[in-house]
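Enquirer:
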Amino acid sequence: MQKQLFVFLKALLGSFKDLLPIILVIAFFQLVILNQPLPNVMDIIFGLALVVLGLTFFIYGLEMGLFPLGESMAQAFAKKGNVAWLMVFAFCLGFGTTVAEPSLIAVAAEASRVAAAGNVIEQTPTAIKDYANGLRFMVALAVGIAIVVGVLRILKGWPIHYLIIGGYVIVVIMTGFAPDWIIGIAYDSGGVTTSTITVPLVTALGVGLASSIKGRNPMLDGFGLIAFASLTPMMFVMLYGLILN
Amino acid sequence: MQAAIEFFNVFKTTIIDVLPIISIILFFQIAVIRKPIPNIKRVGFGFFYVLLGLALFLMGLEKALFPLGKMMAEQLTAPEFILGTDTLPDVIKWQDYYWVYIFAAAIGFSTTIAEPSLIAVAIKANEVSGGAINATSLRIAVALGVAIGIALGSYRIVVGDPIHYYIIGGYIVVVIQTMCCPKMIIPLAYDSGGVTTSTVTVPLVAALGLGLAATIPGRSALIDGFGLIAFASLFPIIAVMGYAQLSAFKTHLAEKENKDEI
């Protein structure tokens with residue numbers, strides 16, 4: 001019991017260290033550069049304690065739950081040898097987790113407000129909502145396809161850089177044709193798609209698949225799923241801009 | 246008491262957010278794999294801890310860091326702070342915004358260090374590489390990449406260059422590095438671009454970008470306000486590959502020295 005407590009305290013200290021840079025940056029800019037006192041100090045200390053506690057639980061649960069779950073599913077699929085179901089699973093995982101992703105919903109809402117203000121779309125609530133939903137759907141579709149391609153790559157052992165560089169070339173070409181106002185949002189949408197729960201799960205899935213297939217190296221083949229998930233949304237959002245135009 | 250109610254609400258939202266993932270996993274586990282999950286009790290508890298941790302984390306950020314960070318981003322980009330007057334001159338000197346770049350780099354670095362999904366990938370990379378990749382060094386390399394990316398991205402908003410020149414330039418660097426860096430690191434480097442920007446970084450960085458675009462004349466929030474996240478997902482790729490090249494170069498030098506001694 002005492003040992004467990006010690007481990008927990010050590011983990012808390014680790015999380016606090018992870019957070020220390022943010023605290024220092026905010027304190028320095030607030031006190032020295034902006035020359036203002038910290039508002040609601042008690043609230044901030046309470047909030048920071050929650051963040052430290054939350055990060056500790058998250059990491060603890062990661063090793064206990066998310067990683068083993070992703071790996072055991074990957075092994076089960078590899079043993080079953082049913083590629084079609086694995087692909088369906090990969091697509092569902094990508095699409096399902098992205099369409100409900102809070103940071104994507106936030107960015108899509110912001111983008112549609114800005115688009116309405118810039119007279120790109122009509123300034124009616126329905127038009128704004130349709131635009132935001134369309135954006136979300138396109139990004140989710142893109143992530144679903146990305147995970148499918150990424151899993152296929154692990155199965156076949158294709159080298160990742162040809163696919164990613166090929167993707168870059170397509171993005172560059174599409175940038176030439178896409179309307180100006182979609183480009184910033186399109187580039188950003190690549191970054192916001194992968195949520196905090198999806199990343200550990202997808203990483204464990206990739207590494208698990210690569211370890212259970214003969215001839216695959218988990219380091220070389222297991223990583224890379226997230227890379228696809230941050231590339232394809234750019235293409236799909238630019239395509240969305242082209243269609244709307 | 247109020248905090249407890251607040252926490253309960255955040256916890257509920259977190260659970261609703263992960264419901265799609267849970268239902269997909271359950272469906273495939275029951276309908277396709279048709280085998281019980283090994284150590285189901287432990288995995289279940291682990292999942293619960295992840296949700297609990299995420300809810301606490303989000304509530305704490307919402308309470309302590311986001312309001313302050315967003316307010317600071319607005320104040321630092323306001324003309325009164327930068328020029329000392331309310332009125333903006335016709336021509337903006339990008340040098341005047343130096344505190345914005347420093348803040349951008351500092352906030353990019355520090356939020357990336359605390360980013361939970363990056364921690365997850367770093368733990369996994371350390372495990373898979375048999376300890377060859379140090380989790381902390383990887384996180385610092387990624388955070389440096391984000392810092393440079395966001396600082397450069399803020400500079401771009403101030404001067405108003407089109408975003409695609411920078412991104413395409415970055416792509417070219419990535420392609421060249423891919424050809425000459427150790428093979429093992431490439432997939433991990435590509436991945437590190439996508440994991441940097443989630444829970445902590447996005448809200449703060451988006452506030453900085455929109456604040457800048459709103460206060461500088463001639464910039465539109467539509468075209469210039471977005472794009473910082475794109476910088477934050479491109480530069481870590483370069484930084485991680487650079488880190489690998491540097492370590493490979495160091496080992497090479499050490500080997501050479503050893504040979505010389507013999």
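Chains A and D supply the protein sequences, listed in that same order.
Using our numbering, the letters of the first sequence correspond one by one to residues 1 to 245.
Using our numbering, the letters of the second sequence correspond one by one to residues 246 to 507.
Ideal placement from N, C-alpha and C gives every residue a C-beta, glycine not left out.
No experiment lies behind these values; they were computed from the predicted model shown.
Could you compute how far the alpha carbon of S212 (chain A) sits from the alpha carbon of Y168 (chain A)?
Expert: Whole-angstrom Cα-Cα distance: 30 angstroms.
Enquirer: So, helix, strand or coil for S374 (chain D), using DSSP?
Expert: DSSP places S374 (chain D) in coil when its eight states are reduced to three.
Enquirer: Between which two residues does the alpha helix (DSSP H) holding T259 (chain D) run?
Expert: Run containing T259 (chain D): Q247 to F272, per the alpha helix (DSSP H) assignment.
Enquirer: Spell out whether any CB of chain A is found under 9 angstroms from the CB atom of D406 (chain D).
Expert: No, its Cβ sits nowhere closer than 9 angstroms to a Cβ of chain A.
Enquirer: Could you tell me whether the segment 406 to 426 of chain D touches the segment 357 to 374 of chain D, using the rule of 3 or more Cβ pairs below 8 angstroms?
Expert: Touching, no, given that fewer than three Cβ pairs across the two stretches are closer than 8 angstroms.
Enquirer: Which residues of the segment 349 to 376 of chain D have a Cβ closer than 8 angstroms to any Cβ of chain A? Give them in chain order.
Expert: So the close ones are A351, I352, F354, S355, T356, I358, A359, P361, S362, I364, A365, V366, I368, K369, A370, V373 and S374.
Enquirer: So within the segment 12 to 91 of chain A, which uninterrupted beta strand (DSSP E) runs reach at least 3 residues, ignoring any that extend past its ends?
Expert: With a minimum length of 3 residues, no continuous beta strand (DSSP E) run stays inside the segment 12 to 91 of chain A.
Enquirer: Quick check on this structure: which residue in A:V172, A:I173 and A:I164 has the alpha carbon closest to the alpha carbon of A434 (chain D)?
Expert: Of the candidates A:V172, A:I173 and A:I164, the one whose C-alpha sits nearest the C-alpha of A434 (chain D) is A:I164.
Enquirer: Buried or exposed: T203 (chain A), going by 16 or more other Cβ atoms within 10 Å of its Cβ?
Expert: Classification for T203 (chain A): buried.
Enquirer: Could you list which residues in chain A have their beta carbon closer than 8 angstroms to that of E390 (chain D), in chain order?
Expert: Here the sequence assigns Gly to residue 390 (chain D), which means Glu is not the residue at that position. In chain order: nothing, as chain A lies at least about 13 angstroms away.
Enquirer: Is the shortest distance between the beta-carbon of K280 (chain D) and the beta-carbons of chain A less than 9 angstroms?
Expert: By this cut-off, K280 (chain D) is an interface position.
Enquirer: Would a C-beta distance cut-off of 9 angstroms place F57 (chain A) and A248 (chain D) closer than the cut-off?
Expert: Taking 9 angstroms as the Cβ cut-off, F57 (chain A) and A248 (chain D) do not qualify as a contacting pair.
Enquirer: If you pair each beta-carbon of the segment 231 to 238 of chain A with each one of the segment 136 to 146 of chain A, do three or more pairs fall below 8 angstroms?
Expert: Touching, yes, given that three or more Cβ pairs across the two stretches are closer than 8 angstroms.
Enquirer: What do you get for D406 (chain D), buried or exposed, if any count of 16 or more other CB atoms within 10 angstroms of its CB means buried?
Expert: Exposed.
Enquirer: Use the C-beta contact count for S268 (chain D): other C-beta atoms within 10 angstroms, 16 or more gives buried, fewer gives exposed.
Expert: Under this definition S268 (chain D) is an exposed residue.
Enquirer: Give the range of the alpha helix (DSSP H) segment to which R401 (chain D) is assigned.
Expert: Its alpha helix (DSSP H) spans residues A380 to V404.
Enquirer: For the segment 26 to 46 of chain A and the segment 302 to 321 of chain D, state whether three or more C-beta atom pairs, one from each stretch, are separated by less than 8 angstroms.
Expert: Result yes; three or more Cβ-Cβ pairs closer than 8 angstroms.
Enquirer: Are the C-beta of A142 (chain A) and some C-beta of chain D separated by less than 9 angstroms?
Expert: By this cut-off, A142 (chain A) is not an interface position.
Enquirer: Exposed or buried, what is H161 (chain A) when buried is set at 16 or more other beta-carbons lying within 10 Å of its beta-carbon?
Expert: Looking at its Cβ environment, which holds 16 or more other Cβ atoms inside 10 Å, H161 (chain A) is buried.
Enquirer: Against chain A, which members of the segment 471 to 486 of chain D pass a CB distance test of less than 9 angstroms?
Expert: For the segment 471 to 486 of chain D, which is checked against every Cβ of chain A, the residues closer than 9 angstroms are F471, G472, L473, I474, A475, F476, A477, S478, L479 and I482.
Enquirer: Within 10 Å of its beta-carbon, does V7 (chain A) have 16 or more other beta-carbons around it, so buried, or fewer, so exposed?
Expert: It counts as exposed.
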